[in-house]
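A quick write-up on the structure given underneath.
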Amino acid sequence: MKHQFWPSKDAMDQLAVRVRTLGLPIESYDQHMLTFIGNRIGKAIKVDKNTLYREKGKYDRLCIQVDLTKPLIVMFDVKGRHFKVEYKGLYMLCHKCGKYGHIAEGCEVQSVKGYPEMAKTLLAQLEVMTLRLKMENNGIIKRSKDLSKNRGSRFQALIQEDLNDALEDP
150 MKHQFWPSKD AMDQLAVRVR TLGLPIESYD QHMLTFIGNR IGKAIKVDKN TLYREKGKYD
210 RLCIQVDLTK PLIVMFDVKG RHFKVEYKGL YMLCHKCGKY GHIAEGCEVQ SVKGYPEMAK
270 TLLAQLEVMT LRLKMENNGI IKRSKDLSKN RGSRFQALIQ EDLNDALEDP
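Written out as structure tokens, the structure is:
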């Protein structure tokens, strides 16, 4: 019998996700440029029609295949300008085991081969990021201008998104 993929049981190393970049000039909203940008983030699969027709100019929308065994790209550079990448729809990807369909708090697995480092360091990274964000907001430290390095956890972009959501909620 052919192996069936069960998202709640099988760990994934590749996933198609929606991404958007903020601040990209609307003149760049063409198939060639957006595919180029998508391929810098992962493997470009599709460009949203609203983006191509410039119907919504706040940010672009792309479907990208990402490799979850590597760090997610949180920023990229085009002609010396930096652009932030936001990932949508990854909230149901468990940070502990890498399986889709539940979050870390509901995970029954301590860690799966390939994810043990992530399971051990996620909470520590979140605590450091929370402290750093508070210090930046209070003017104690300044944000780094060196955005060329994309190192660390492959879930760093999700941690930042969760942190931003938590800070926005009263």
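In this note's numbering, the protein residues as written are 150 to 319. Note that beta-carbon positions come from the ideal geometry of N, C-alpha and C, so glycine has one too. Quick caveat, the model's predicted, so the values are computed rather than measured.
Query: Of all the CB atoms in chain B, is at least one closer than 8 Å to the CB of Phe232?; Result: The structure shown contains no chain B; it is built from a single protein chain.
Query: Exposed or buried, which one is Glu257 when buried takes at least 16 other CB atoms within 10 Å?; Result: exposed
Query: State buried or exposed for Ala193, treating a residue as buried only when at least 16 other CB atoms are found within 10 Å of its CB.; Result: buried
Query: Excluding the 5 residues flanking Gly187 on each side, which residues of the same chain have their C-beta closer than 6 Å to its C-beta?; Result: Ala193, Leu211, Ile213
Query: Arg167 to Lys237, Cα distance in whole Å?; Result: 5 Å
Query: Locate the beta strand (DSSP E) running through Ile194, then write down its first and last residues.; Result: 192–196
Query: Quick one: is Ile252 buried, meaning 16 or more other Cβ sit within 10 Å of its Cβ, or exposed?; Result: exposed
Query: Does DSSP classify Ser260 as helix, strand or coil?; Result: Low confidence applies here, because Ser260 scores a pLDDT of 48, under 50, leaving its location unreliable; read the following figure in that light. Reduced to three states, the DSSP call for Ser260 is coil.
Query: Please report the residue range of the beta strand (DSSP E) in which Asp179 lies.; Result: Per DSSP, Asp179 belongs to no beta strand (DSSP E) and is neither H nor E.
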